[in-house]
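Chemist: First residue of the sequence shown? That's 45 in the working numbering, and the numbers climb one at a time after it.
Glycine is no exception: its CB is placed at the ideal position from the N, C-alpha and C atoms.
If you scroll down you'll find the structure; I have some questions about it.
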Amino acid sequence: MIRDFVINASILVASFFFIGQMFKGHPLTRESPWKWKVFGGFCFGLFGVLLMEFSLQVGDGVIADLRHIPLIVAALQGGLIPALVTGFVLIVGRIGLFGVSYPSVSSSIMMLLLSVLFGAIAGRRGLTMPRFVSLNTVGLIVISATITLNLNYAGQLGKLYSVLLYHWAFSSVTGLLSVQVFLYIVRAHASNRKLKESEERYRGLIASSPDATFVMMRDGTISFVNDKGIRLLHAVSRKDIIGRSYFEFVHPSHRESSRKYVEALLNRQLKPELMEQVFVCLDGTEMETELSISLTLYKEEVAILLSVRDVTERKRTEKSLQEALDKLQKLSDLDGLTGIPNRRRLDEYLTRAWADSAANQTRLTVVLFDVDYFKRYNDCYGHLGGDEALRTIAGAAEALMREKGHFVARYGGEEFAAVLKEIPVEEAMEIAEQLRAQIEQLALAHAGSEIADHITVSIGLASVTPDPLTHPEQVLSQADKALYLAKAEGRNRALFDPLASVSSS
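Written out as structure tokens, the structure reads:
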């Protein structure tokens, strides 16, 4: 008896292994087409018939085997249709192998009942070990009742206890083992299918990627390139690229650093990052690229995945934009009328100069000067004439200050300001006097002036050693006072604020 059950168990495990392999591409599920369900039920039924061929002969026409287990799996996997088909095949096999008899008919009725029962209660959650155990228990109860009827009919009830004991034991243990094997095979195939689907999606994404994609092996050879990569390197086909060293396409100035980076990445010494590199195409064209480099698995080997994007045009655009921004910044720092730095630029320059002088404890001098009787000049010569005069004065002042290494800007209206760094008061006064004389020597006619027949300027100076805790507005205010004094004393002169020629502290 044990020998027959062991043979049945071996056939069951082998059958499940075989059917698992047979259905690996298209597993039987409740969502399968009805034709596939019929085919699946037929296969499970045939395995059940094979089990009956090696069944245990309990009595006259009475047999015991594990045919109900394929029926349970068919029901849990595919639902009612596979269960009914499996049951039908088992009924045909039972009568075909052992003829028409009371045990055959009762067993057939039992199999039909189990087919309907299992198919109805299998549900939609598929095959699991707890659900198999539940249906196996129900099946064993029904089968035990049928065996009891058949042995009673044959007058061999004395064998009932041992038969049921072995049948329950082998059905439980072998059922669990065989179903576990079947589940393992089914899940392994499902994992493989998902992996292949993932790889196909991955390849599809790479193929349709807007970036050029390369796979480089450890030795530096290119093993994969998408269509974008072929176009990027100006190649005709993949044959022009596959098998060649990736570093052939890297500009010589970047080649060594690229090799070191790839080597460090392969040795896990660096993390993947976005970087810029110059590529050399097959036709010798150079292009600026932005690429990301990361580790990947390709054909079960560690490799480098490179996503490359041509940014030559973007870099050119960025350069043009930066040049435009620099030009705009420069224009925003210049006075629109005179072309020299404006008040905003003066404030920035003075703030930095103040901080530097405070840190180094050096002297800082501010010179304010404006055109004497400029309102009258406008009245006499018009605003266009006044604008032209301001441009001429600004040009002369800017030339002198540039020669001396100092800064000058338009302060507002007809007023200008100069910043002189790290010079003594006496030298600052000399430069102010040179400025006054140079503007006077321009000999710009001024009929409205009360002190000369040409344009003159009045100049106020303030010179301090800044204190870090004070503000540069202080020296501007002092220079303005000196300018006021220069005007009060008759104009066309340069004066220091007597209180400003000492340290601001």
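Could you tell me if Gln366 is buried or exposed, where buried requires 16 or more neighbouring beta carbons within 10 angstroms of its beta carbon?
Modeler: As a position in the sequence shown, residue 366 is number 322, starting the count at 1. It is exposed - the Cβ of Gln366 has fewer than 16 other Cβ atoms within 10 Å.
Chemist: Is the beta carbon of Gln405 less than 8 Å from the beta carbon of Leu444?
Modeler: Start at 1 with the first residue of the sequence shown, and residue 405 comes out as number 361. Start at 1 with the first residue of the sequence shown, and residue 444 comes out as number 400. Against a cut-off of 8 Å, the Cβ pair of Leu444 and Gln405 comes out as no contact.
Chemist: Does the distance from the CB of Lys238 to the CB of Val102 come in under 8 Å?
Modeler: Position 194 of the sequence shown, counting from 1, holds the residue named residue 238. Position 58 of the sequence shown, counting from 1, holds the residue named residue 102. For Lys238 and Val102, no; Cβs fall outside 8 Å.
Chemist: In the DSSP assignment, find the unbroken beta strand (DSSP E) run with Phe258 in it and report its ends.
Modeler: Position 214 of the sequence shown, counted from the first residue, corresponds to residue 258. From DSSP, the beta strand (DSSP E) with Phe258 extends over Ala256 to Met260.
Chemist: Taking the alpha-carbon positions, what's the Ile132 to Leu115 distance?
Modeler: Taking the first residue of the sequence shown as position 1, residue 132 is located at position 88. Taking the first residue of the sequence shown as position 1, residue 115 is located at position 71. For clarity, residue 132 is Phe in the given sequence; the question names Ile instead. Rounded to whole angstroms, Phe132 to Leu115 spans 10 Å at the Cα level.
Chemist: Would you identify the three-state DSSP class for Gln200, choosing helix, strand or coil?
Modeler: The sequence position of residue 200 within the sequence shown is 156, counting from 1. DSSP places Gln200 in coil when its eight states are reduced to three.
Chemist: To which residues does DSSP link Glu332 through a beta bridge?
Modeler: Here residue 332 refers to the residue found at position 288 when the sequence shown is read from its first residue. Answer is Val322, bridged to Glu332.
Chemist: DSSP on His498, reduced to helix/strand/coil?
Modeler: Locating residue 498 in the sequence shown gives position 454, where the first residue counts as 1. Note: His498 maps to strand in three-state DSSP.
Chemist: Ends of the alpha helix (DSSP H) at Gly122?
Modeler: Looking up residue 122 in the sequence shown gives position 78. Its alpha helix (DSSP H) spans residues His112 to Gly122.
Chemist: With 16 as the cutoff for other CB atoms within 10 Å, does Ala232 come out buried or exposed?
Modeler: Your numbering for residue 232 matches position 188 in the sequence shown. Under this definition Ala232 is an exposed residue.
Chemist: Closest to Leu350 by C-alpha separation, out of Glu330, Tyr197 and Leu309, would be which residue?
Modeler: For this step, residue 350 is matched to residue 306 along the sequence shown. Among Glu330, Tyr197 and Leu309, the Cα nearest to that of Leu350 belongs to Leu309.
Chemist: Which one or two residues does DSSP pair with Gln4 in a beta bridge?
Modeler: In this structure the chain extends from 45 to 549, so residue 4 is not present and cannot be described.
Chemist: With DSSP as the reference, label Gly380 as helix, strand or coil.
Modeler: The sequence position of residue 380 within the sequence shown is 336, counting from 1. Gly380 falls in the coil class under three-state DSSP.
Chemist: Quick check: the Cα distance between Tyr455 and Glu362, rounded to an integer number of angstroms?
Modeler: Within the sequence shown, numbered from 1, the residue matching residue 455 stands at position 411. Within the sequence shown, numbered from 1, the residue matching residue 362 stands at position 318. Whole-angstrom Cα-Cα distance: 35 Å.
Chemist: Mapping DSSP to helix, strand and coil, what is Arg166?
Modeler: By 1-based counting over the sequence shown, the position of residue 166 is 122. The question names Arg, yet the displayed sequence has Ala at residue 166. Note: Ala166 maps to coil in three-state DSSP.
Chemist: Just tell me which of Gly122, Ala461 and His278 has its CA closest to the CA of Leu527.
Modeler: On the sequence shown, position 483 is the one that residue 527 refers to. Nearest of Gly122, Ala461 and His278 to Leu527, Cα basis: Ala461.
Chemist: Unbroken alpha helix (DSSP H) runs of length 4 or more, entirely within the segment 364–438: which are they?
Modeler: 387–404
Chemist: Excluding the 5 residues preceding and the 5 following Arg303 in the sequence, name in chain order all residues of the same chain whose CB lies nearer than 7 Å to its CB.
Modeler: Along the sequence shown, one-based indexing puts residue 303 at 259. These residues qualify, in order along the chain: Phe291.
Chemist: In chain order, what residues of the same chain lie with their CB nearer than 7 Å to the CB of Leu221, ignoring the 5 residues before and after it?
Modeler: Stepping through the sequence shown from its first residue, residue 221 is reached at position 177. Here the set comprises Val57.
Chemist: Does the beta-carbon of Arg360 have 16 or more other beta-carbons within 10 angstroms, so that it is buried, or is it exposed?
Modeler: Looking up residue 360 in the sequence shown gives position 316. Taking every protein chain shown into account, the CB of Arg360 has fewer than 16 other CB atoms within 10 angstroms, so this residue is exposed.
Chemist: How many Å lie between Arg388 and Leu394 at the Cα?
Modeler: Here residue 388 refers to the residue found at position 344 when the sequence shown is read from its first residue. Here residue 394 refers to the residue found at position 350 when the sequence shown is read from its first residue. Approximately 10 Å between the Cα atoms of the pair.
Chemist: Pull up the DSSP beta-bridge partners for Glu345, would you.
Modeler: Reading the sequence shown from its first residue, position 301 is the one you call residue 345. Paired residue(s): Tyr342.
Chemist: Does DSSP put Ile286 in a helix, in a strand, or in coil?
Modeler: Counting from 1 along the sequence shown, the entry for residue 286 is found at position 242. Reduced to three states, the DSSP call for Ile286 is coil.
Chemist: Nearest by alpha-carbon distance to Asp414: which of Ile348, Leu513 and Ala523 is it?
Modeler: If you number the sequence shown from 1, residue 414 lands on position 370. Ranking the options by Cα distance to Asp414, first place goes to Ala523.
Chemist: Alpha carbon to alpha carbon, what distance is there between Phe142 and Phe211?
Modeler: On the sequence shown, residue 211 is found 167 positions in, with the first residue counted as 1. On the sequence shown, residue 142 is found 98 positions in, with the first residue counted as 1. First, the residue type needs correcting, since residue 211 is His and not Phe in the sequence shown. Each residue's Cα considered, the two are about 20 Å apart.
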